[in-house]
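In the working numbering, the protein residues as written are 15 to 41. Take a look at the structure set out below.
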């Protein structure tokens, strides 16, 4: 279960980084 939580955390972090990069490109 703990590994699943870590996996979800990494996925969320990855999505956040991708969104952040897209926002920087628009600015």
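The beta-carbon is built from N, C-alpha and C at its ideal position, and this holds for glycine as well. Predicted, not measured: the structure shown is a model, and the values here were computed from it.
Judged by DSSP in its simplified three-state form, residue 29 adopts helix. Taken atom to atom, the span from the alpha-carbon of residue 34 to that of residue 16 is near 27 angstroms. The C-alpha of residue 18 lies about 32 angstroms from the C-alpha of residue 39.
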